[in-house]
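Going by this note's numbering, the sequence shown opens with residue 9, and the numbers climb by one from there. Let me begin by presenting the structure, written as structure tokens, before commenting on it.
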Amino acid sequence: MTLVRRKFLTRAALAGSVLGAPAVVGAQGKTVLNWKMTSAYPKGAPFYMDGPGSATDLARRIREMSDGRLNIQVFGAGELVPAFEGFDAVRSGTVEMNHANSYFWTGKTFAAQYFTAVPFGMNFQGINGWLYDGGGIDLWNEVYEPFGMVAMPCGNTGVQMTGWFKKEINSVADFKGLKMRIPGLAGKVYAKLGVDVKVLPGGEIFPALERGVIDAAEFVGPFQDRRLGLHKAAKYYYTTGWHESATVSELLINKAAWQKLPKDLQAIVSNAAAACNVISEGWCQKANSEAMEDLIKNQKVIARPLPDAVIAALRQETNKVLAEAVAADALTKKVHTSYMEFKAKFDRWAEVSEEAYHGKVRG
Ligand code: CA
9 MTLVRRKFLT
19 RAALAGSVLG
29 APAVVGAQGK
39 TVLNWKMTSA
49 YPKGAPFYMD
59 GPGSATDLAR
69 RIREMSDGRL
79 NIQVFGAGEL
89 VPAFEGFDAV
99 RSGTVEMNHA
109 NSYFWTGKTF
119 AAQYFTAVPF
129 GMNFQGINGW
139 LYDGGGIDLW
149 NEVYEPFGMV
159 AMPCGNTGVQ
169 MTGWFKKEIN
179 SVADFKGLKM
189 RIPGLAGKVY
199 AKLGVDVKVL
209 PGGEIFPALE
219 RGVIDAAEFV
229 GPFQDRRLGL
239 HKAAKYYYTT
249 GWHESATVSE
259 LLINKAAWQK
269 LPKDLQAIVS
279 NAAAACNVIS
289 EGWCQKANSE
299 AMEDLIKNQK
309 VIARPLPDAV
319 IAALRQETNK
329 VLAEAVAADA
339 LTKKVHTSYM
349 EFKAKFDRWA
359 EVSEEAYHGK
369 VRG
């Protein structure tokens with residue numbers, strides 16, 4: 009063993025002793041790091057845990073690119089820690105990584121919301137422009153600095169759907185007393201319009217909707233929603249999601265572990281995460297376009313957007329909820345300002361580029 013390798017092994021072994029992941033010398037004399045990654049989603053969940061750009065695909069890419077020097081064992085929700093305890097598991101160093109969405113951590117720091125989805129926010133192209141080139145990832149890391157963690161995007165569902173309703177929504181008055189499964193910031197907005205907000209894990213949505221425990225439900229999009237069977241419990245599918253316009257998946261990493269990684273392994277992790285960000289979104293376009301066609305043609309689902317007046321009311325309440333959050337926390341204000349300044353420029357550009365193409369030119 010060379011002196012250089014001995015030094016590295018000592019450093020890596022130290023990292024292992026801190027984080028409980030021993031570095032070992034593999035069969036070919038390579039130093040092998042064994043890391044753990046938890047998830048907020050159950051084992052086998054399409055997009056999140058299984059398939060192109062998922063957590064297991066991310067781990068595979070990192071293993072292959074590093075020639076086995078960084079092995080990441082992936083655990084679904086509940087296998088090592090419960091679904092929403094990944095933040096604390098990474099923070100404490102119990103695991104090195106967690107794969108989820110930053111908006112699950114708004115109870116720890118509200119600004120985390122902006123790195124997943126803001127109602128009436130940017131699309132996949134815009135959010136990536138802000139994250140990679142508009143200072144978004146730097147702000148994400150600033151928000152997690154007090155917790156000793158770093159983060160980066162590693163997936164995206166694209167635009168989600170408003171959700172499933174047993175009855176038509178013709179006006180804001182139809183929200184009064186409506187029991188709806190809708191988590192997060194969007195839930196706060198609906199609540200202001202009289203919705204009785206329920207937060208249920210994915211697996212409990214179908215039985216609750218079918219039995220009438222809830223009258224409406226939001227989950228993800230056509231592929232994921234059909235998999236839960238939501239179309240069998242409600243026929244009105246309100247389309248394009250005002251609440252989640254391009255939902256980002258988060259790779260959360262313990263900062264001490266990250267800083268101890270050799271530079272080439274850091275680059276491999278960053279590049280694998282960026283690849284999964286694009287690949288997962290592409291998979292969603294394919295899966296959702298096929299599922300939507302099936303839902304409309306074969307399952308007799310009635311798909312339509314919410315009425316304009318309802319969208320206007322949701323926008324107004326969203327602005328109030330965000331104004332309250334900005335007034336309450338300086339870091340949220342900083343992230344909000346950066347996001348909205350980027351969005352203003354992006355919107356003007358999108359209007360004469362992508363939107364003009366899809367609206368008038370595409371045919
Ligand atoms: Ca959703």
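Note that CB positions come from ideal geometry on N, CA and C, so glycine has one too. Keep in mind it's a predicted model, so treat the numbers as computed, not measured.
Distances from the CB of VAL207 to the heavy atoms of ligand 1 are all 7 Å or more. The set of residues with a C-beta under 7 Å from any non-hydrogen atom of ligand 1 comprises GLN168, GLU226, PHE227, VAL228, GLU252, THR255, given in chain order. Sorting LYS187, CYS162, MET160, PRO161 by C-alpha distance to the C-alpha of PHE173 places LYS187 at the top. In the three-state DSSP reduction, ALA335 falls in the helix class (H, G or I). The C-beta distance from ALA317 to SER179 rounds to 7 Å, short enough to fall under 8 Å.
Straight across, the Cα-Cα distance linking GLY84 with THR124 is about 20 Å.
The beta-carbon separation of GLY171 and PHE132, rounded to 20 Å, does not stay under the 8 Å limit for a contact. If you look at TRP266, you'll find it isn't in any beta strand (DSSP E); it sits in the alpha helix (DSSP H) that goes 263-268. Going by beta carbons, ILE135 and ALA254 fall inside the 8 Å limit.
Secondary structure remark: continuous beta strand (DSSP E) runs of at least 3 residues inside the region 27-67, in chain order: 31-33, 39-47.
By the 16-neighbour rule on beta-carbons within 10 angstroms, THR64 is buried. Fewer than three beta-carbon pairs drawn from the region 186-201 and the region 267-276 are found closer than 8 Å, and the two stretches are therefore not classed as touching. Cα atoms of MET73 and ALA275: separation of roughly 10 Å, rounded to the nearest angstrom.
As DSSP reads the structure, MET188 sits in a beta bridge with VAL205, ALA224. Note that the C-beta distance between VAL203 and PHE183 is below 8 Å.
For TRP113, no beta strand (DSSP E) run applies, since DSSP gives it neither H nor E.
Closest in C-alpha terms to ASN106, from the list PHE128, ARG68, CYS162, LEU78, comes CYS162. A straight line joining the alpha-carbon of VAL256 with that of ASN109 spans about 7 Å. According to the DSSP assignment, GLY163 belongs to the beta strand (DSSP E) that extends over 157-164. Between GLY94 and MET169, the CB-CB gap reaches or exceeds 8 Å. With a cutoff of 8 Å on beta-carbon distance, MET157 and LYS263 are scored as near each other. Counting only unbroken stretches of 3 or more residues, the beta strand (DSSP E) elements lying wholly within the region 285-346 are 310-312, in sequence order. Less than 8 Å divides the Cβ of PRO127 from the Cβ of HIS251. In this structure, GLY142 keeps its C-beta atom at 8 Å or more from the C-beta atom of TRP291. When secondary structure is reduced to three states using DSSP, GLU252 falls in the coil class, being assigned neither helix nor strand. In this structure, the alpha-carbon of VAL103 lies about 19 Å from that of LYS116.
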